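Okay, so here's the structure we're looking at.
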Amino acid sequence: MTFNQSAAPVPGDRSADTDPVDRVIRYHLQTKHHFNRYARALGYLDWANQPDPFRRFEGAELIRFPLLNPNEEPLSPVYDAIYQRGTVGCQPLTQRTLSRFFEFALALSAWKRAGESEWALRSNPSSGNLHPTEGYVILPRTNLNLKPGLYHYAPKEHGLELRAVFSTETLEKLLAPFPSGAFLFGLTSVHWREAWKYGERAFRYCHHDVGHAIGTARIAAAALGWNMVLMDALDQNTVAMLLGTRRRDDFSEAEPEHPDCLAVLWPSGEGKDTTFPLFLNVEIVQRLVQTEWFGKANRLSREHGVQWDIIDEAVEASWKMQTEAEKLSMQPGHAQEHALSRPDPLMSHILAGQMIRQRRSAVAFDGKTSITSATFFRMLERVMPHVEMPQMARPMPWDLWPYNPAIHLMLFVHRVEGLMPGLYFLVRDRTKLTFLQQSTNSELNWDPAPGCPEDLPLYWLLEGDAKRLAAQVSCHQDIAGDSAFSFGMLADFEGTLRERGAWWYPRLFWESGLLGQVLYLEAEAAGVRATGIGCFFDDPVHEIIAVKGLSLQSLYHFTIGGAVEDRRLMTLPPYRHLSP
Ligand SMILES: Cc1cc2nc3c(=O)[nH]c(=O)nc-3n(C[C@H](O)[C@H](O)[C@H](O)COP(=O)(O)O)c2cc1C
Numbered sequence: 176m177t178f179n180q181s182a183a184p185v186p187g188d189r190s191a192d193t194d195p196v197d198r199v200i201r202y203h204l205q206t207k208h209h210f211n212r213y214a215r216a217l218g219y220l221d222w223a224n225q226p227d228p229f230r231r232f233e234g235a236e237l238i239r240f241p242l243l244n245p246n247e248e249p250l251s252p253v254y255d256a257i258y259q260r261g262t263v264g265c266q267p268l269t270q271r272t273l274s275r276f277f278e279f280a281l282a283l284s285a286w287k288r289a290g291e292s293e294w295a296l297r298s299n300p301s302s303g304n305l306h307p308t309e310g311y312v313i314l315p316r317t318n319l320n321l322k323p324g325l326y327h328y329a330p331k332e333h334g335l336e337l338r339a340v341f342s343t344e345t346l347e348k349l350l351a352p353f354p355s356g357a358f359l360f361g362l363t364s365v366h367w368r369e370a371w372k373y374g375e376r377a378f379r380y381c382h383h384d385v386g387h388a389i390g391t392a393r394i395a396a397a398a399l400g401w402n403m404v405l406m407d408a409l410d411q412n413t414v415a416m417l418l419g420t421r422r423r424d425d426f427s428e429a430e431p432e433h434p435d436c437l438a439v440l441w442p443s444g445e446g447k448d449t450t451f452p453l454f455l456n457v458e459i460v461q462r463l464v465q466t467e468w469f470g471k472a473n474r475l476s477r478e479h480g481v482q483w484d485i486i487d488e489a490v491e492a493s494w495k496m497q498t499e500a501e502k503l504s505m506q507p508g509h510a511q512e513h514a515l516s517r518p519d520p521l522m523s524h525i526l527a528g529q530m531i532r533q534r535r536s537a538v539a540f541d542g543k544t545s546i547t548s549a550t551f552f553r554m555l556e557r558v559m560p561h562v563e564m565p566q567m568a569r570p571m572p573w574d575l576w577p578y579n580p581a582i583h584l585m586l587f588v589h590r591v592e593g594l595m596p597g598l599y600f601l602v603r604d605r606t607k608l609t610f611l612q613q614s615t616n617s618e619l620n621w622d623p624a625p626g627c628p629e630d631l632p633l634y635w636l637l638e639g640d641a642k643r644l645a646a647q648v649s650c651h652q653d654i655a656g657d658s659a660f661s662f663g664m665l666a667d668f669e670g671t672l673r674e675r676g677a678w679w680y681p682r683l684f685w686e687s688g689l690l691g692q693v694l695y696l697e698a699e700a701a702g703v704r705a706t707g708i709g710c711f712f713d714d715p716v717h718e719i720i721a722v723k724g725l726s727l728q729s730l731y732h733f734t735i736g737g738a739v740e741d742r743r744l745m746t747l748p749p750y751r752h753l754s755p
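Each number in the numbering used here comes from the position in the sequence shown (counting from 1) with 175 added on.
Spelled out as structure tokens, the structure:
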């Protein structure tokens with residue numbers, strides 16, 4: 176089929192480049208993989224300049240967290256309980272609970288060894304295991320014996336590096352609108368880490384990874400009974416100011432960090448009855464950062480070879496300038512009023528911490544294992560945000576996300592007992608059904624999937640064996656066809672960008688990564704395994720259902736099934752290098 180992309184600028188046509196939306200669309204088009212041509216990258220791995228996966232701030236004081244065994248306090252709740260609002264007791268903020276939070280969110284989860292090489296894995300997955308995402312926390316005065324200020328999380332040391340001490344009173348003023356005990360969590364990305372390997376497409380992967388890290392952090396908070404909301408009414412300059420990413424002297428020798436987002440966390444059940452802003456008072460932030468800063472960022476690669484200018488362009492075009500003050504504030508609401516999901520007795524023996532620690536990406540699937548339709552439907556229910564509810568009443572982690580969903584799933588069902596193999600579609604926001612039908616081939620079935628719970632908008636589109644097709648469009652990766660099912664995450668693309676602005680381009684990837692993170696853990700809980708798939712041929716995916724123009728674009732693929740272990744690899748404990 177041919178695409179009508181008339182609304183989008185033609186790659187290379189600079190005349191249309193003044194509109195930020197046109198510019199991010201141009202980035203998107205230019206970084207597609209095609210059957211006959213991959214997005215531009217170096218074409219080989221420049222091992223001599225492989226980026227250091229661990230950022231440190233030299234000269235900043237390091238405060239190590241206690242390393243906790245799984246059977247030490249705070250103990251993990253049952254996995255299913257993190258989805259039953261109000262069932263996980265709220266832990267107070269202590270050195271130990273903060274240690275657990277970072278362990279589950281961003282810490283090392285294992286070392287892998289093959290011959291002479293060793294590499295670390297983390298609680299958060301990352302495209303190519305390159306880990307562009309850096310984590311920060313802003314702590315007010317607490318009884319933790321930590322100065323109020325900004326800290327950078329150092330995963331290899333499992334500790335916090337003190338970047339800046341903030342005035343206690345000014346920070347209290349900044350956090351006054353939020354529930355008591357509130358603190359801030361921030362994420363930045365070192366684009367270079369992904370660009371080193373993936374070239375121009377790297378900006379997409381960095382934002383997938385941000386989405387995954389938002390997910391690991393929200394799930395970590397849920398395991399401690401804490402609340403967390405994305406402060407997305409903030410403009411990006413304020414995020415940059417607070418996280419110190421614009422401090423030229425501190426980064427003079429080093430690869431810059433791109434400020435991504437800030438979230439507010441609070442360790443209590445409070446806050447559901449009140450409305451609070453999802454932004455910060457900029458004047459107070461300006462005062463706060465006039466302080467002493469510590470540390471100089473380490474250089475991650477000796478040399479940087481090719482510069483991918485289009486990434487800088489995408490950064491500039493998607494920069495969030497405005498504060499969405501009027502549009503976006505926390506919507507209060509009580510989940511108890513809605514029976515979201517019933518506890519599953521079959522899962523009562525599985526602990527959340529165990530799922531988080533054992534989560535890995537499958538490198539191969541056995542081409543045999545099937546899952547039951549009940550398991551399949553439960554997994555899909557976990558990614559339904561329930562748009563009919565106010566934000567704070569939505570199921571975790573969608574209570575963190577102050578938007579209605581823009582991502583829907585096109586599923587290749589291979590081995591789900593009780594469902595015929597073929598193509599299915601999960602409509603994550605029912606109000607979008609007509610739009611989705613009108614944006615795709617008019618001959619698709621759109622029948623409710625047989626046996627599917629009534630409140631799950633899962634539709635059957637086409638019957639057939641899609642194993643080869645799924646692998647073929649996923650850059651010929653067998654993992655997409657040898658699994659029980661795989662899927663493409665289709666974004667309501669051009670409409671969302673034109674309506675909400677170019678700053679929404681990264682958020683489409685965040686939403687995809689967040690959704691993927693939920694399913695990584697769901698797969699573990701079901702005794703199978705998942706893998707994110709960033710490499711796919713964009714337009715051949717769209718052609719499967721004849722997507723019209725840029726109405727929908729696939730942003731991320733995912734696959735779940737019976738994993739085959741690579742026995743050549745040895746697995747070692749995450750912090751053995753710190754053991755005495
Ligand atoms: C955004 C994203 C894209 C990924 N793309 C692929 C892919 O195309 N093929 C693949 O085999 N693995 C892919 N992975 C899996 C990563 O290689 C894996 O997360 C990384 O090696 C770390 O391993 P872990 O997930 O076991 O911690 C992707 C992961 C993410 C988060």
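Just so it is clear, CB atoms sit at the ideal spot from N, CA and C, and this is done for glycine as well. All values reported here derive from a predicted model rather than from experimental measurement.
- Looking at the backbone, the Cα of E428 and that of E233 are separated by about 11 angstroms.
- Shortest gap from the CB of P352 to any heavy atom of ligand 1: 7 angstroms or more.
- Segment contact: the stretch 276 to 296 against the stretch 195 to 211, fewer than three CB-CB distances shorter than 8 angstroms; contact not assigned.
- H383 has its CB nearer than 7 angstroms to a heavy atom of ligand 1.
- CA-to-CA, the gap between R603 and I582 works out to about 7 angstroms.
- With 16 or more other CB atoms across the displayed protein chains lying within 10 angstroms of its CB, E697 is buried.
- Taking each of W679, Q266, N211 in turn and checking the Cα distance to E491, the smallest one comes out for W679.
- Counting C-beta pairs closer than 8 angstroms gives fewer than three between the stretch 421 to 439 and the stretch 715 to 729, which falls short of the contact rule.
- Beta-bridge analysis with DSSP links S292 to A289.
- The straight-line gap separating the alpha-carbon atoms of L594 and L399 is approximately 37 angstroms.
- Using a 10 angstroms sphere on the CB of Q692, the tally of other CB atoms reaches 16 or more, which defines it as buried.
- Nearest C-alpha to F210 among R742, I546, G736, E718: E718.
- Around the Cβ of V404, a 10 Å sphere holds 16 or more other Cβ atoms; the residue is buried.
- Within the same chain, Cβ atoms closer than 6 angstroms to the Cβ of P195 are found at A492, A677, the five residues on either side in sequence being excluded.
- Going by DSSP, C436 is part of no alpha helix (DSSP H) but of the beta strand (DSSP E) stretching over 433 to 441.
- Per DSSP, I582 is one residue of the beta strand (DSSP E) stretching across 582 to 588.
- Contact between the stretch 703 to 712 and the stretch 363 to 383 is established, with three or more Cβ pairs separated by less than 8 angstroms.
- Between W621 and L598 a beta carbon distance of about 11 angstroms is seen, past the 8 angstroms cut, so the two are scored as non-contacting.
- Taking R288 as reference, the option from E699, R422, S274, R743 with the minimal CA-CA separation is R743.
- No Cβ-Cβ contact shorter than 8 angstroms links L350 with T317.
- The shortest C-alpha to C-alpha distance from I546 to any of S687, Q266, T734 is the one to T734.
- Under the 8 angstroms Cβ criterion, the stretch 297 to 315 does not count as touching the stretch 211 to 218, having fewer than three qualifying pairs.
- For L690, the enclosing alpha helix (DSSP H) covers residues 679 to 700.
- Membership of E638 in the beta strand (DSSP E) is indicated by the continuous run 633 to 638.
- Set against 7 angstroms, the gap from the CB of C627 to the closest heavy atom of ligand 1 is not smaller.
- In the three-state DSSP reduction, Q728 falls in the strand class (E or B).
- Below 8 angstroms, too few C-beta pairs join the stretch 747 to 755 and the stretch 654 to 673 to call them touching: fewer than three.
- Set against 7 angstroms, the gap from the CB of R297 to the closest heavy atom of ligand 1 is smaller.
- Around the beta-carbon of L521, fewer than 16 other beta-carbon atoms lie within 10 Å, marking it exposed.
- Taking 8 angstroms as the cut-off, the Cβ atoms of G688 and G361 do not count as close.
- As far as DSSP is concerned, A659 takes part in no beta bridge.
- DSSP lists no beta-bridge partner residue for R275.
- Within 10 angstroms of the beta-carbon of T615 lie 16 or more other beta-carbons, which makes it buried.
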